[in-house]
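Numbering (the numbering used here), first residue to last: 1 to 577. Heads up, the beta-carbon is just placed ideally off N, CA and C, and yes, glycines get one too. Notes to accompany the following structure.
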């Protein structure tokens, strides 16, 4: 076998210079994979799609290393060509470097790709008997098989793909899974610490999912860079799935296909950053209004965009106080208003009254052309449409954008989100990008092309009926948890329309870490998700009751008063019992 030289960055080093390594055998490659491995969390994303067929030597034979020519002995990989590349030959005359026609400057035009809405893979509602017939599963399997085939065709001519690097990563993960060896102090557990999932009840992640059908796509580098609706020159994308997901959410929030624009974000924060940015572009001198219990990303947006921001007080429930909102609006009647409306606050799960916010704006003298409303629906934005008598989040009302997280209620295994806004607003942000042969109005450049696949798969499997069942289960179990806590003498609160149960903060940090509770001041909360069962809630409450005997049994400590956080009626301290 001929020697092959490749460059590998030095592990745990800030140096940007690659180290040349000569490999001459499977054992040599394997040794270097171990010696120059990265911490396992950097390669976990490759784990799902790795299907090792045959031995390492067989894979090396597939690389055709015998045809690789040896490098000369005096080869110096650090040599840099100092001379610049010659200019591209171009017959067109130029003025100041810009092409000219008839003596007049003409900037280079960007040729845009196809509009992908014509190839949208629609999300449709499964039949009522689909669990019996399995027709939906079969349909999705055929769609994914055809998509995988198209990716294989596209990657044949994908000059940006490093086939050898792909094999190296597969070898690396194979070594980790087979031997579970330590690498620079890190040890990968092939079970990925499942107990951490068992006790996860404090953060809003739906862990009830099975995406085995998508593992066949995990070794493709799928990137939806640029505008979701305009295909770029990069062929390995999932835009047709992305647009299908966006259409589903646009229907949910009552906005026509030809009236909306949106994209699948890398997280919920990006959706908020984009929504506030659109508002700022529509009203460059606008003032941002947000309740003090809004997600921290809203105030991050204000800092990033150098916006004037007014924090509005909240009611005890966590909902925005529209009296205080009106007072703060009255101080700035001469400037447009950009408002963040919470569809479920982070700590208490409170839902701002959208209709009352709009009414307050109108009563203060703000016409619809002088305000922009962004709705942060990270978790409850996807739950509220399936709750009877819940106020509706709809673009039939004068709102500008809505964002939700995809890794929360939907149950995507990677952080992602959905941002929808009105098409009329997006031109202020959109720019032609010649490098992509597309337009771009997103926050990020590269965007995870796998996330749309997971979202599309889940939406097709569950449909509106499936989500409605899960919402009802979560609300029912949340009421059960609150009842058990209060019957045990533990102060607790549950907002209407919410599955977030707020209660006294535990005294033991070890207990808090075990159950991965989110805490703020004197309170903590449990977010009841579809994967959290009654049995799990019982285990949690039983252990909490046992711990409280230890904390408060000797009389030295008393349970905290949380009346200022959740109200006297919900507090069960010695003073308010």
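Residue nearest to residue i in terms of C-alpha spacing, selected from the options
| i | options | result |
| --- | --- | --- |
| residue 273 | 295, 544 and 291 | 295 |
| residue 508 | 549, 482, 345 and 474 | 549 |
| residue 441 | 265, 259 and 248 | 265 |
| residue 409 | 498, 324 and 357 | 498 |
| residue 292 | 317, 413 and 284 | 317 |
| residue 279 | 552, 420 and 248 | 420 |
| residue 212 | 243, 140 and 260 | 140 |
| residue 487 | 350, 570 and 533 | 570 |
| residue 485 | 513, 539 and 454 | 539 |
| residue 579 | 155, 227 and 136 | It is not possible to answer for residue 579, since the shown part of the chain is limited to 1 through 577. |
| residue 285 | 559, 306 and 516 | 306 |
| residue 152 | 142, 219, 242 and 131 | 219 |
| residue 537 | 517, 523, 551 and 555 | 517 |
| residue 248 | 469, 463 and 565 | 463 |
DSSP state of residue i mapped onto helix, strand, coil
| i | result |
| --- | --- |
| residue 222 | coil |
| residue 184 | In this prediction, residue 184 has a pLDDT of 36, which is less than 50 and means its spatial position is unreliable; nothing more can be read from the coordinates. |
| residue 494 | strand |
| residue 570 | coil |
| residue 557 | coil |
| residue 504 | strand |
| residue 165 | With a pLDDT of only 42 at residue 165, under the threshold of 50, the placement of this residue in the model should not be trusted; the figure read from the coordinates follows. Looking at residue 165 - three-state DSSP - the assignment turns out to be helix. |
| residue 371 | strand |
| residue 520 | strand |
| residue 261 | strand |
| residue 446 | coil |
| residue 575 | coil |
| residue 565 | helix |
| residue 324 | helix |
| residue 119 | helix |
| residue 525 | strand |
| residue 303 | helix |
| residue 330 | helix |
| residue 227 | coil |
| residue 101 | Below a pLDDT of 50, predicted positions are generally treated as unreliable, and residue 101, at 49, falls in that range; no measurement from the model is reported. |
| residue 440 | strand |
| residue 130 | helix |
| residue 211 | coil |
Where the alpha helix (DSSP H) through residue i begins and ends
| i | result |
| --- | --- |
| residue 592 | In the structure as shown, the chain starts at 1 and stops at 577, and residue 592 therefore has no counterpart that could be examined. |
| residue 342 | Note, residue 342: premise wrong, no alpha helix (DSSP H); beta strand (DSSP E) at 337–342. |
| residue 451 | 451–487 |
| residue 310 | Not the alpha helix (DSSP H): residue 310 falls in the beta strand (DSSP E), residues 309–312. |
| residue 548 | 534–552 |
| residue 390 | Neither: residue 390 is in no alpha helix (DSSP H) and is coded neither H nor E. |
| residue 146 | 135–156 |
| residue 357 | 354–363 |
| residue 421 | Premise fails: residue 421 lies in the beta strand (DSSP E), 417–422, not in any alpha helix (DSSP H). |
| residue 514 | 509–514 |
Sub-8 Å separation of residue i and residue j beta-carbons
| i | j | result |
| --- | --- | --- |
| residue 254 | residue 396 | yes |
| residue 224 | residue 449 | yes |
| residue 334 | residue 391 | no |
| residue 528 | residue 502 | no |
| residue 429 | residue 277 | yes |
| residue 526 | residue 201 | yes |
| residue 309 | residue 290 | yes |
| residue 481 | residue 506 | no |
| residue 123 | residue 244 | yes |
| residue 376 | residue 342 | yes |
| residue 381 | residue 270 | no |
| residue 452 | residue 238 | yes |
| residue 385 | residue 494 | no |
| residue 491 | residue 562 | yes |
| residue 461 | residue 148 | no |
| residue 282 | residue 154 | no |
| residue 121 | residue 457 | no |
| residue 523 | residue 504 | yes |
Extent of the continuous beta strand (DSSP E) to which residue i belongs
| i | result |
| --- | --- |
| residue 272 | Element bounds for residue 272: not the beta strand (DSSP E) but the alpha helix (DSSP H), 268–282. |
| residue 290 | 287–291 |
| residue 431 | 431–433 |
| residue 401 | 401–405 |
Any chain B beta carbon closer than 8 Å to residue i
| i | result |
| --- | --- |
| residue 407 | In the structure shown, chain B does not exist; there is a single protein chain. |
Inter-stretch contact (C-beta, 8 Å, three-pair minimum) for the region 355–371 and the region 336–344 | Flag = yes, the region 355–371 and the region 336–344 touch.
Is the region 319–330 in contact with the region 463–478, if contact means three or more CB pairs nearer than 8 Å?
-> Inter-segment contact for the region 319–330 and the region 463–478 is absent: fewer than three beta-carbon pairs are separated by less than 8 Å.
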